[in-house]
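Colleague:
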Amino acid sequence: MRTLYTVLIGLALVWLFRLAGHALAGVTGQRNALMAFFPTWFVAMAANLFYGVQQSHGSSEELLFFMVNFGLPCLFAAFYLCKK
């Protein structure tokens, strides 16, 4: 269930980054904001991975969740980048 919430938070952040970028500088700002989403989300998910390993979960198990949690929101952000 935590993975679902994490992915939903990531999708909401994609939407917020997109909205903020568009409000600040139009389409160019939207593109720049989405490009800034990738490293921001990577750092957040790396912290999530580290926290999971600290809680005695296996690193290989947590790596799978990292890929899902990081990959799905980034896939949507990449879709929006290619769309414009």
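Residue numbers (the numbering used here): -6 to 77.
Beta carbons: idealized from backbone N, C-alpha and C, even for Gly.
Everything numeric in this text was worked out from a predicted model, so none of it was measured.
Apart from the five residues just before and just after GLY22, which ones in its own chain have a Cβ nearer than 7 angstroms to its Cβ?
Modeller: GLY14 and HIS15
Colleague: Rounded to whole angstroms, what's the CA-CA distance from GLY45 to PRO66? Just pull it up for me.
Modeller: Separation of GLY45 and PRO66 (C-alpha to C-alpha, rounded to the nearest whole angstrom) is 19 angstroms.
Colleague: Along the chain, where does the alpha helix (DSSP H) that runs through PRO48 open and close?
Modeller: One point to set straight first is that residue 48 is Gln, not Pro, in the sequence displayed. Run containing GLN48: none; DSSP gives neither H nor E here.
Colleague: Rounded to whole angstroms, how far is the Cβ of PHE31 from the Cβ of ALA70, which I believe are closer than 8 angstroms?
Modeller: Rounded, the Cβ-Cβ distance is 7 angstroms, consistent with contact.
Colleague: Please classify MET60: does DSSP put it in a helix, a strand, or coil?
Modeller: helix
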